[in-house]
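**Student:**
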Amino acid sequence: MEKKIDVRGLSCPQPVLVVLQEIKTTDKGRLIVLVDNETAKENVIRAIESQGWRVGEVKWEGLDCQITIEKD
Amino acid sequence: MGLFDFIRLKPAKKVAGNKGDKKGNKVDRGFLVFENTSEVIRAEKVLKSEGWEVRVMGPPPEIQTGCDLVIEFPLIEELKILSTLQKAGVSPIKVVPVEHPLLQPVELFQLKDFGQYLMVRAANMKLTVEKESLKIVNVSGGGCPDVPYLAQELINKPLKEAPQPRDLGFTLCGYALQLAYEEMQRQFKA
Chain A
277 MEKKIDVRGL SCPQPVLVVL QEIKTTDKGR LIVLVDNETA KENVIRAIES
327 QGWRVGEVKW EGLDCQITIE KD
Chain B
371 MGLFDFIRLK PAKKVAGNKG DKKGNKVDRG FLVFENTSEV IRAEKVLKSE
421 GWEVRVMGPP PEIQTGCDLV IEFPLIEELK ILSTLQKAGV SPIKVVPVEH
471 PLLQPVELFQ LKDFGQYLMV RAANMKLTVE KESLKIVNVS GGGCPDVPYL
521 AQELINKPLK EAPQPRDLGF TLCGYALQLA YEEMQRQFKA
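These protein sequence lines map, in sequence, to chains A and B. Residue numbering for the first sequence follows my numbering, starting at 277 and increasing by one per position. Residue numbering for the second sequence follows my numbering, starting at 371 and increasing by one per position.
1) Rounded to a whole number of angstroms, what is the C-alpha to C-alpha distance between residue 302 of chain A and residue 540 of chain B?
2) If we cut at 9 Å on Cβ distances, does residue 297 of chain A have a partner in chain B?
3) Could you check how far apart the C-beta atoms of residue 334 of chain A and residue 343 of chain A are, in whole angstroms? I think they sit under 8 Å.
4) Going by the DSSP bridge assignment, what does residue 484 of chain B pair with across the sheet?
5) Going by DSSP in three states, residue 493 of chain B sits in which element: helix, strand or coil?
6) Pull up the CB-CB distance for residue 551 of chain B and residue 535 of chain B, whole angstroms please, since I reckon it's below 8 Å.
7) Could you check whether the Cβ of residue 292 of chain A sits closer than 9 Å to any Cβ belonging to chain B?
8) Of all the options B:486, B:559, B:410 and B:510, which has the alpha carbon lying nearest to the alpha carbon of residue 287 of chain A?
9) Drop a sphere of 10 angstroms on the beta-carbon of residue 566 of chain B, count the other beta-carbons inside from all chains shown, and report buried for 16 or more, exposed for fewer.
10) Please confirm whether residue 465 of chain B and residue 517 of chain B have their CB atoms less than 9 Å apart.
11) Please state whether the Cβ-Cβ distance between residue 504 of chain B and residue 530 of chain B is less than 9 Å.
12) So, with DSSP's three-state summary, where would you put residue 443 of chain B?
13) On the DSSP bridge list, what partners appear for residue 552 of chain B?
14) Does residue 371 of chain B get closer than 9 Å to chain A when you measure Cβ to Cβ?
15) If I'm right that residue 545 of chain B touches residue 411 of chain B with Cβ under 8 Å, what's the distance once you round it to whole angstroms?
16) With DSSP collapsed to three states, give me the class of residue 419 of chain B.
17) Under the three-state reduction of DSSP, which class applies to residue 340 of chain A: helix, strand or coil?
18) Could you tell me the alpha carbon to alpha carbon distance between residue 298 of chain A and residue 515 of chain B, rounded to whole angstroms?
19) Enumerate in chain order the residues of its own chain whose CB-to-CB distance from residue 554 of chain B is below 7 Å, with the five nearest sequence positions on each side excluded.
20) Taking the alpha helix (DSSP H) that residue 518 of chain B falls in, what are its first and last residues?
21) Just verifying my parser: in three-state terms, what is the DSSP assignment at residue 467 of chain B?
22) What does the alpha-carbon distance come out to for the pair residue 401 of chain B and residue 492 of chain B?
23) If contacts are defined as beta-carbon pairs under 8 Å, then residue 346 of chain A and residue 284 of chain A qualify, I think. What distance do you get, rounded to the angstrom?
24) By DSSP, does residue 536 of chain B sit in helix, in strand, or in coil?
25) If you draw a straight line from the alpha carbon of residue 495 of chain B to that of residue 409 of chain B, how long is it in whole angstroms?
26) Taking the alpha carbon of residue 406 of chain B as the reference point, which residue from B:450, B:439 and B:417 has its own alpha carbon closest?
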């Protein structure tokens, strides 16, 4: 089961900083990031792509968005 | 936060000058009105690179033409400044002596330390840098159409090597991001 990083409720730029800290300690694999707004989603995606990760599925459920990120 | 929340009313300094307004008051500053923000940013860059002391300000409410920013300049240098701008292809649509208070951008930086990261907020824009690598890790805020592009161009670049936002963006957000960028540079020089 993938590790979940829940950054809902955090204000910008904290969602990005939390995710960056997490992927620093994860060489590869698959992680789920939970955000609760469009801006955080875009910022997180931009940040992880700059670190060589790619975005898998992006799924909204109500106000929450689940982003799957991967690196081989 | 609104786009202009960082601009607050502050009376322009009255300094004795060599020109008078319609009421005979001495004025020594004027402002240049441009068609759009993009031209203001270009003109500021041109004038500063030529060594002129100019400032980007909010105009008084009675100015109905032009964009939401003007450039304040020393009125005594009007002809030389207009000539410089004309050569650069960015002439103002209007030149007005300062007779009324300008809406002046006041100190608008907010710093937040996140431990390994430092964030500088300038007006409506936030810039975050990792302290150890000095790489830009996040650009956010605004609401202008060029923010995603600015972010794309700046993120993951070392502060020293990153392009200047004013060279990439042509909106008020780009201008605010430039201020944040310059403040961040000052923080790490100190």
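We put the beta carbon where it would ideally sit given N, CA and C, even for glycine. A quick note: this is a predicted structure, and the numbers were derived from the prediction, not measured.
**Tutor:** So, from the listed chains and residues:
1) As a working mapping, residue 302 of chain A is identified with position 26 in the first sequence. As a working mapping, residue 540 of chain B is identified with position 170 in the second sequence. Each residue's Cα considered, the two are about 38 Å apart.
2) Locating residue 297 of chain A in the first sequence gives position 21, counting from the first residue. Answer yes: the Cβ-Cβ gap between residue 297 of chain A and chain B drops below 9 Å somewhere.
3) In the first sequence, residue 334 of chain A corresponds to position 58, counting from 1. In the first sequence, residue 343 of chain A corresponds to position 67, counting from 1. 5 Å between Cβ atoms; contact.
4) Residue mapping note: residue 484 of chain B aligns to position 114 of the second sequence, counting from 1. According to DSSP, which records beta bridges pairwise, residue 484 of chain B is partnered with nothing at all.
5) Along the second sequence, one-based indexing puts residue 493 of chain B at 123. Three-state DSSP puts residue 493 of chain B in coil, outside helix and strand.
6) By 1-based counting over the second sequence, the position of residue 551 of chain B is 181. By 1-based counting over the second sequence, the position of residue 535 of chain B is 165. Right, the Cβ-Cβ distance comes to about 5 Å (below 8 Å), so this counts as a contact.
7) If you number the first sequence from 1, residue 292 of chain A lands on position 16. Cβ-Cβ to chain B under 9 Å: yes for residue 292 of chain A.
8) Sequence index remark: in the first sequence, residue 287 of chain A carries index 11 (1-based). Residue B:510 is the option with its Cα nearest to residue 287 of chain A.
9) What is shown of chain B runs 371 to 560, which leaves residue 566 of chain B out entirely.
10) Taking the first residue of the second sequence as position 1, residue 465 of chain B is located at position 95. Taking the first residue of the second sequence as position 1, residue 517 of chain B is located at position 147. Not in contact: residue 465 of chain B and residue 517 of chain B (Cβ atoms no closer than 9 Å).
11) Residue numbering aside, residue 504 of chain B sits at position 134 when the second sequence is read from its first letter. Residue numbering aside, residue 530 of chain B sits at position 160 when the second sequence is read from its first letter. Yes, Cβ-Cβ distance for residue 504 of chain B and residue 530 of chain B is below 9 Å.
12) Walking along the second sequence from the start, residue 443 of chain B turns up at place 73. Three-state DSSP puts residue 443 of chain B in a strand.
13) Start at 1 with the first residue of the second sequence, and residue 552 of chain B comes out as number 182. According to DSSP, residue 552 of chain B bridges with nothing at all.
14) The residue you call residue 371 of chain B lines up with position 1 of the second sequence. With a pLDDT of 40 at residue 371 of chain B, under the threshold of 50, the modelled position of this residue cannot be trusted; read the value that follows with caution. By this cut-off, residue 371 of chain B is not an interface position.
15) Residue numbering aside, residue 545 of chain B sits at position 175 when the second sequence is read from its first letter. Residue numbering aside, residue 411 of chain B sits at position 41 when the second sequence is read from its first letter. Indeed, because the Cβ distance is near 6 Å, the residues count as touching under 8 Å.
16) The residue you call residue 419 of chain B lines up with position 49 of the second sequence. It is helical.
17) Residue 340 of chain A sits at position 64 when you count from the first residue of the first sequence. In this structure, residue 340 of chain A counts as strand in the three-state DSSP scheme.
18) Here residue 298 of chain A is taken as the residue at index 22 of the first sequence, counted from 1. Here residue 515 of chain B is taken as the residue at index 145 of the second sequence, counted from 1. Taking the straight line from one Cα to the other gives about 30 Å.
19) Taking the first residue of the second sequence as position 1, residue 554 of chain B is located at position 184. Here the set comprises 490, 497, 499 and 529.
20) Mapped onto the second sequence, residue 518 of chain B falls at position 148. Per DSSP, residue 518 of chain B belongs to the alpha helix (DSSP H) from 517-524.
21) Counted from its first residue, the second sequence places residue 467 of chain B at position 97. Three-state DSSP puts residue 467 of chain B in a strand.
22) On the second sequence, position 31 is the one that residue 401 of chain B refers to. On the second sequence, position 122 is the one that residue 492 of chain B refers to. Computed Cα separation, rounded: 23 Å.
23) Residue 346 of chain A sits at position 70 when you count from the first residue of the first sequence. Residue 284 of chain A sits at position 8 when you count from the first residue of the first sequence. The Cβ separation is near 21 Å, so there is no contact.
24) Stepping through the second sequence from its first residue, residue 536 of chain B is reached at position 166. Helix at residue 536 of chain B.
25) Position 125 of the second sequence, counted from the first residue, corresponds to residue 495 of chain B. Position 39 of the second sequence, counted from the first residue, corresponds to residue 409 of chain B. Their Cα atoms are separated by approximately 20 Å.
26) Position 36 of the second sequence, counted from the start, is the residue given in the question as residue 406 of chain B. Checking every option, the nearest Cα to that of residue 406 of chain B belongs to B:439.
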